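What follows is a set of notes on a single structure, which appears directly below.
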Amino acid sequence: MSAALLHDIGLSKGDKVDHALESSRIFKNFIEREDLTEDEFEVLKQAIQDHSKGNKITSLVGLALVLADKLDVTYHRTINSSIQDAMNKEIQKIKKVDIKITDECLIVHYFTKNDFDFNRLHDWPKAVTIPYKAANYLNKNFVFLMNDKKMDISSFL
């Protein structure tokens, strides 16, 4: 919960700083150290620090934070963005994102309006590459579905 609540607090420093790194620095000031073990503190700090790029997933907390952050792309989050480019407008057509982890697979399922252009995700590849990295971390296959149809993600990898 702490990582989820504080992972973007570094955005308050403006867009000229690495917000994930700044968030991990600020996180240290908000956490009562006696409430966490040193290992717990380091897991949370690392999860916050790497949530933006998802390159160093080292824990299930980090995995959960990266997936939640990168796949929370539905209309309610994007409509108020200061960036209203073609990609953002396309993302606003995503109605729901489901994530399922089975014994064999990590499955990401986008439910979109019928006119959503899957190819526009090449302008925002994290929607595919981050969960793909998460599947690798879990040593599972990755399946990307859009409105019940399995999508070919080879051009993203």
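Counting in numbering that gives the first Met the number 0, the sequence shown runs from 0 upward without gaps. Quick reminder that beta carbons are idealized off the backbone N, C-alpha and C, glycines included. A quick note: this is a predicted structure, and the numbers were derived from the prediction, not measured.
Whether residue i touches residue j by CB criterion (8 Å)
i: G9; j: K132; result: no
i: I25; j: V65; result: no
i: F110; j: N146; result: yes
i: A19; j: I56; result: no
i: V42; j: S23; result: no
i: F117; j: K92; result: no
i: H50; j: H121; result: no
i: K95; j: K112; result: no
Identity of the residues DSSP links to residue i by a beta bridge
i: T111; result: I93
i: V142; result: I106
i: K12; result: Note: K12 sits in no beta bridge, so no partner.
i: K149; result: L144
Cβ separation of residue i and residue j, assumed to be a contact under 8 Å, to the nearest whole Å
i: I30; j: S11; result: About 17 Å; that fails the 8 Å criterion.
i: W123; j: M150; result: Between M150 and W123 the Cβ distance is about 14 Å, and since that is not below 8 Å, they are no contact.
i: L144; j: L105; result: At roughly 12 Å, the Cβ-Cβ gap does not stay under 8 Å, so L144 and L105 are not in contact.
i: V190; j: L70; result: Only positions 0 to 156 of the chain appear in the structure, and residue 190 is not among them; the question remains open.
Counted within 10 angstroms of its Cβ, other Cβ atoms place residue i as buried (16 or more) or exposed
i: D68; result: buried
i: K125; result: buried
i: G13; result: exposed
i: L4; result: exposed
i: L156; result: exposed
i: E37; result: exposed
i: E103; result: exposed
i: E33; result: exposed
CB contact check: residue i to chain B, cutoff 8 Å
i: F141; result: The structure shown has no chain B; it contains just one protein chain.
>> Give the list of continuous alpha helix (DSSP H) stretches no shorter than 4 residues that lie fully inside the stretch 29 to 69.
In response: List check, alpha helix (DSSP H) in window: 37 to 49.
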